[in-house]
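Just so we're aligned: 49 in our numbering is position 44 of the sequence shown, and the numbers increase by one with no gaps anywhere.
Remarks on the structure that follows.
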Amino acid sequence: MVKVVKCPVCAKRLMDMLSAKEANLQIKCPKCKKVISVSLIDNQIHGEAV
Ligand SMILES: [Zn+2]
């Protein structure tokens with residue numbers, strides 16, 4: 006099962022993430038240049054601009 010991680014600021018697709026129990030990462034959005042902190046817990050993705 007793949008989840009699409011989207012930028013919470015501009016909704017640009019950042020990456021696909023395979024299901025994971027728990028993950029934390031930061032991605033720089035290529036469109037709006039914001040650093041997005043993505044956390045995934047029990048397949049719920051939460052992203053927010055840092
Ligand atoms: Zn963005």
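The beta-carbon is built from N, C-alpha and C at its ideal position, and this holds for glycine as well.
Q | Unbroken stretches of the beta strand (DSSP E), 3 residues or longer, contained in the region 14-45 | A | Listed in chain order, the complete beta strand (DSSP E) runs (minimum 3 residues) inside the region 14-45 are 18-23 and 27-33.
(Q) For a test of your reading of the model: does the CB of K8 fall under 8 Å from any non-hydrogen atom of ligand 1? Yes or no. (A) Counting from 1 along the sequence shown, the entry for residue 8 is found at position 3. No.
Q) Would I46 be called buried (16 or more neighbouring beta carbons within 10 Å of its own) or exposed? A) Locating residue 46 in the sequence shown gives position 41, counting from the first residue. With fewer than 16 Cβ atoms within 10 Å of its Cβ, I46 is classed as exposed.
(Q) From the DSSP secondary-structure annotation, give me the bridge partner or partners of V55. (A) Position 50 of the sequence shown, counting from 1, holds the residue named residue 55. According to DSSP, which records beta bridges pairwise, V55 is partnered with nothing at all.
Q: State yes or no: is the C-beta of M22 within less than 9 Å of the C-beta of K8?
A: Indexing the sequence shown from 1 puts residue 22 at position 17. Indexing the sequence shown from 1 puts residue 8 at position 3. Yes, they are a contact pair.
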